[in-house]
Amino acid sequence: MTLRTNHPLLPVGAGFAAGALLTFWLADMLARRVQHTPHDDVVLLDQVRSRLHSLVAYPEAIDVTVTQGVVHVSGRVLAEELNRLLMQLTDLPGVYKVHNALTTVQEPQALENLQAPGAISPV
């Protein structure tokens, strides 16, 4: 018995499998969205801020907010750190989406004298 690749039901089976995967993925995304509470956002914000210290050289140059599992990052980051940062944040449990408003810089000198966002300048 040989396997025929031009079997008429092959596209139907492939379509069914793709539809099943899409259904499971959408159900997972909706479940995450429905289960999210403001308390989760506070916990997630702390986790993201803590994680920044191991992901970038200048975490104080990045401002973070979290709303319903959507992580908003803004500020400046070294260009070589951007992709890894976004991938790691996206993989954190509880993160629904990452909104990137970061500006990249090439040289560390552009970030060396920055203060944490919201910090008071010395007089």
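The numbers in my numbering rise by one with no breaks, and the one at position 61 of the sequence shown is 87. For glycine and all other residues, C-beta sits at the position ideal for the given N, C-alpha and C.
Leaving out the 5 sequence neighbours to the left and right, which residues in its chain are closer than 8 Å to E138 when beta-carbon positions are compared? On the sequence shown, residue 138 is found 112 positions in, with the first residue counted as 1. Closer than 8 Å at Cβ, skipping near neighbours: Y84.
Which residue spans inside the region 104–141 form an unbroken beta strand (DSSP E) run of at least 3? Taking only runs of at least 3 residues, the beta strand (DSSP E) segments lying wholly in the region 104–141 are 123–131.
Measure how close the beta-carbons of V74 and V97 come, nearest whole angstrom, since I'm counting them as under 8 Å. As a working note, residue 74 is residue 48 in the sequence shown. As a working note, residue 97 is residue 71 in the sequence shown. Here V74 really is in contact with V97; their C-beta atoms are around 6 Å apart, less than 8 Å.
Can you have a look at A87 and say buried or exposed, based on whether 16 or more other CB atoms are within 10 angstroms of its CB? Here residue 87 refers to the residue found at position 61 when the sequence shown is read from its first residue. Per the 10 Å Cβ criterion, buried.
On the DSSP letters alone, give me the boundaries of the beta strand (DSSP E) that V92 sits inside. Within the sequence shown, residue 92 is the residue found at index 66, counting from 1. Here the beta strand (DSSP E) through V92 covers I88 to T93.
Can you pull the DSSP bridge partners for V97? Here residue 97 refers to the residue found at position 71 when the sequence shown is read from its first residue. BP columns for V97 point to V92 and V124.
According to DSSP, which residues form a beta bridge with R102? Position 76 of the sequence shown, counting from 1, holds the residue named residue 102. Paired residue(s): T129.
My guess is that V99 and V124 are in contact by the Cβ rule of under 8 Å, so how many angstroms apart are they, rounded? On the sequence shown, residue 99 is found 73 positions in, with the first residue counted as 1. On the sequence shown, residue 124 is found 98 positions in, with the first residue counted as 1. Confirmed, Cβ separation roughly 7 Å.
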